[in-house]
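Numbering of the sequence shown is given in my numbering, commencing with residue 2 and proceeding in unit increments. Written out below as structure tokens is the structure these notes cover.
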Amino acid sequence: MNAKKKLDIKIAIDGTSGSGKSTTAKIIARKLGLIPVDTGAMYRAVTLKVLRAGVPVEDEQKVVEIANNTDIDQKVINGSIRTFLDGEDVSEAIRTPEVSRWVSIVSAYPGVRRRLVELQRKIAEKGGVVLDGRDIGTVVLPDADFKFFMVASLEERARRRMKELQEKGINVSFEEVLKELKTRDEIDSSRESSPLRKAPDAIVIDTSNLTISQQVDLIISEIAKKYPEVREIAQEKNHPDMEAGQIDN
Ligand code: DC
Numbered sequence: 002m003n004a005k006k007k008l009d010i011k012i013a014i015d016g017t018s019g020s021g022k023s024t025t026a027k028i029i030a031r032k033l034g035l036i037p038v039d040t041g042a043m044y045r046a047v048t049l050k051v052l053r054a055g056v057p058v059e060d061e062q063k064v065v066e067i068a069n070n071t072d073i074d075q076k077v078i079n080g081s082i083r084t085f086l087d088g089e090d091v092s093e094a095i096r097t098p099e100v101s102r103w104v105s106i107v108s109a110y111p112g113v114r115r116r117l118v119e120l121q122r123k124i125a126e127k128g129g130v131v132l133d134g135r136d137i138g139t140v141v142l143p144d145a146d147f148k149f150f151m152v153a154s155l156e157e158r159a160r161r162r163m164k165e166l167q168e169k170g171i172n173v174s175f176e177e178v179l180k181e182l183k184t185r186d187e188i189d190s191s192r193e194s195s196p197l198r199k200a201p202d203a204i205v206i207d208t209s210n211l212t213i214s215q216q217v218d219l220i221i222s223e224i225a226k227k228y229p230e231v232r233e234i235a236q237e238k239n240h241p242d243m244e245a246g247q248i249d250n
């Protein structure tokens, strides 16, 4: 059965940092033969370009100008989503604490959002996609076939984030991680332009006490209510990420 041909659907997965949405979206995409789009990585790529150019993040006009003159592309290579900034693979460079620190400011600018939303809609146009982000169900794809909103307690998200940083050899205190997540939550939820908000028709999944495999199963079950064939399509052996910790920066 050709999953890509069969499932011409659009899935929106939104949620807070560390809710497990990126990992879940990636696995769902692979299991169902859909194209995964990590929209957070796109905002990170613009932020990286701004920092590299030495432009103050507060200079909205210059930041928007950079966003408008930037080419961002994503490809799945060896099972992982790689992000390209003007042709350069920046998948690792966009995950530094410095980029994480400034990305909320950059992504709050309406001009930056306009540019990236346009790009995301273009990618999603043909269908067969899973987009994860903050405004997918509300702004980017209000007509998505399935919308999920993933949440988890602040403490659990901080624990996951800390584990990920430690694995990279970055040492930070639990309090620092907690504070950074809290600040990002506040900026992402309170900004004027497309704040993090659950779409009225989105299904909420609290991942605080769920394994990745349980999250994936929940989403597959929802999709199966409308498309029973996904059960068969998803019968592939587990993705390696299902055994790893869940990571959302
Ligand atoms: O998912 P992430 O942590 O990589 O996202 C990085 C930042 O980008 C986050 O602070 C919120 C912002 N973002 C956004 O505003 N809209 C999206 N669709 C995705 C991410």
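Quick reminder that beta carbons are idealized off the backbone N, C-alpha and C, glycines included.
- Listed as beta-bridge partners of P37 by DSSP are V131.
- For R45, the CB falls within less than 7 Å of some heavy atom of the ligand DC.
- Boundaries of the beta strand (DSSP E) harbouring V77: I73 to I78, taken from the DSSP string.
- Excluding five sequence positions before and after V100, the CB atoms of its chain that fall closer than 8 Å to its own CB belong to R45, T48, L49, L52 and A94, given in chain order.
- Looking only at D90, Q215, D189 and S195, the smallest Cα-Cα distance to V141 is reached by S195.
- Distance from G138 to A203 at the Cβ level is roughly 5 Å; contact confirmed, criterion being Cβ atoms closer than 8 Å.
- For K180, the enclosing alpha helix (DSSP H) begins and ends at F175 to S191.
- Of the candidates V38, Q62 and S18, V38 places its Cα closest to the Cα of K11.
- The C-beta distance from L8 to I234 rounds to 7 Å, short enough to fall under 8 Å.
- Taking K63 as the centre and dropping the five residues before and after it, the same chain places the C-beta of V56 closer than 6 Å to its C-beta, in chain order.
- Secondary structure note for A153: it is in no alpha helix (DSSP H), with a DSSP letter that is neither H nor E.
- When DSSP reads this structure, S81 sits in a beta bridge with I78.
- With a 10 Å radius around the Cβ and a threshold of 16 neighbouring Cβ atoms, Q236 comes out exposed.
- In the three-state reduction of the DSSP assignment, A13 falls in the strand class.
- Counting only residues of its own chain and dropping the five nearest sequence neighbours on each side, V58 has a CB closer than 8 Å to the CB of T48, V51, L52, V64, W103, I106 and V107.
- Classified as exposed, K164 has fewer than 16 neighbouring CB atoms from the shown chains inside 10 Å of its CB.
- Pairing T208 with M151 gives a Cβ-Cβ distance under 8 Å.
- Apart from the 5 residues on each side of it in sequence, I14 sits with its Cβ closer than 6 Å to the Cβ of K22, A26, D133 and F149 in its chain, given in chain order.
- Residue V131 holds the alpha-carbon nearest to the alpha-carbon of I82 among V131, A68 and R232.
- In the structure shown, D218 falls within a helical segment according to DSSP collapsed to helix, strand and coil.
- Per DSSP, the continuous alpha helix (DSSP H) segment holding V65 begins and ends at E61 to N69.
- Between G112 and A68, the gap from beta carbon to beta carbon is short of 8 Å.
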